[in-house]
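In this note's numbering, the protein residues as written are -14 to 220.
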């Protein structure tokens, strides 16, 4: 049975100043996602981070700079996760990174990417705060969304489209391929944004490793069906 694995998170510096900075970023990520940017005060962020309120201006110049730093944290974190599944060159925009040598290898890479996505987005508590932050940015776009889109959304989606082309022969930048890849990602993301509804309907008390493995099985079945349909249409 396929079991989702937890990603390795980016390594952080451990000087007092760096620890304070990291705590402020994590606090901002959590509160901006939960309460919104306008609904969160710098005093609340400092209290959540157990830091002096003046440290926000010192490290980030103010609340807007802290929002940008939270976006950069998301980019760094997801680049690490995506890089583990799709090749380290992804973060650098290297289209040749981790290129599959044949269609079967490419298909295996697609299944591995889905498993990695579930292991992080569905099973890791940290992902909840990231998704909340991103959903707010998608609803009311700011410069922070530009950083996230350019840093992870666009290159990750583009890389998956390239793998899809290697797996199926369908052009990576065709409309059909791009939409198909969005459906592959979207089904995984739903299990995070619809987490409470999923747990109630499934009778789960939590979504841990056991439940996430069942999600991996379901989304893998969906991928298998899509691939079989595409391959069948070519025969």
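The beta carbon of each residue, even a glycine, is placed where N, CA and C say it ideally should be.
Tell me whether residue 187 is buried or exposed, calling it buried when 16 or more other Cβ atoms sit within 10 Å of its Cβ.
-> exposed
Own chain residues within Cβ distance below 7 Å of residue 189, not counting five before or after | 196
What distance in whole Å lies between the Cβ atoms of residue 185 and residue 107, which are believed to be in contact at a cut-off of 8 Å?
-> The Cβ separation is near 16 Å, so there is no contact.
Could you give the distance in angstroms between the alpha-carbon of residue 207 and the alpha-carbon of residue 168?
-> 10 Å
Comparing alpha-carbon positions, which option in 20, 69, 36, 135 lies nearest residue 121?
-> 20
At a cut of 8 Å, does the stretch 31 to 39 reach the stretch 111 to 125 through at least three beta carbon pairs?
-> no
Starting from the C-beta of residue 60, find all residues in its chain whose C-beta is less than 8 Å away, skip the five residues before and the five after it, and write them out in chain order.
-> 132, 133, 136, 137
Shortest alpha-carbon distance to residue 88 belongs to which of 209, 44, 150, 183?
-> 150
Could you pull out every unbroken alpha helix (DSSP H) segment of at least 4 residues lying fully inside the stretch 88 to 125, listed in chain order?
-> 88 to 102, 110 to 124
Any idea if residue 140 is buried or exposed, counting beta-carbon neighbours within 10 angstroms, 16 or more meaning buried?
-> buried
Backbone secondary structure at residue 157 - three-state DSSP = coil
Taking one C-beta from the stretch 37 to 55 and one from the stretch 147 to 162 each time, how about it: are there three or more such pairs within less than 8 Å?
-> no
Under 8 Å by Cβ, that's how I've got residue 146 and residue 158 pegged, so tell me the actual separation to the nearest angstrom.
-> 7 Å
Which residue spans inside the stretch 18 to 84 form an unbroken alpha helix (DSSP H) run of at least 4?
-> 27 to 34, 39 to 45, 48 to 71
Determine the direct distance from the alpha carbon of residue 2 to that of residue 56, and round the result to whole angstroms.
-> 20 Å
Anyone know if the C-beta pair for residue 70 and residue 94 falls short of 9 Å?
-> yes
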